[in-house]
Amino acid sequence: MDYTDYSQYYPFPLEDDEYRQNPFQGPPGQQPGFPGGFGPPGQQPGFPSGGGQQGGAPTSPPPSFTPQPQQATTFAVDPGAIRGCLFRNTYVWLRNGRSFWFYPTFVGRTSVAGWRWRNWRWTYYGTDLNRIRSFRCF
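Under numbering that gives the first Met the number 0, read the sequence shown as residues 0 to 137, first letter to last.
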């Protein structure tokens, strides 16, 4: 067994430690939902927590401007703060220096998922909240 190839143990394709695929999709042949088909306690399998339904991709491009980052940055992004940006165009600055337009449709305790504007189209994307340096919704 080769312990240096972790891809067989990690269910998401990596792109600079980010996943663009729906994190609730699960392995092929398995009902969508959390790994193993189970959701949080008190939830029906196959449905993420956070309330509301998963939204589809936006039907129009994001604004054509790039906002300036705000001076003050926090140590961690609070899920309650970014929850106010659900289903709104949001500009995100990551700790790795990347920034992009994002349309969040799900906020969990430690992650956020939605649609990222990339190559002139919306692609499904998710990341851990601790990877976000700051954000601004419009």
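Think of the CB as a built atom: it goes at the ideal place given N, C-alpha and C, for glycine as much as any other residue.
The Cβ atoms of V106 and R130 do not sit closer than 9 Å to each other. Classified as buried, W100 has 16 or more neighbouring CB atoms from the shown chains inside 10 Å of its CB. Counting every other CB atom within 10 Å of its CB across the protein chains shown gives G96 a total below 16, marking it as exposed.
Within the model, the alpha-carbon separation for R132 versus A75 is close to 7 Å. In terms of Cβ geometry, W92 and T104 do not form a close pair [threshold 9 Å]. Among the bridge pairs identified by DSSP, T122 is matched with R115.
The beta-carbon separation of F137 and N88, rounded to 5 Å, stays under the 8 Å limit for a contact. For R135, the uninterrupted beta strand (DSSP E) run begins and ends at 131-136, by DSSP.
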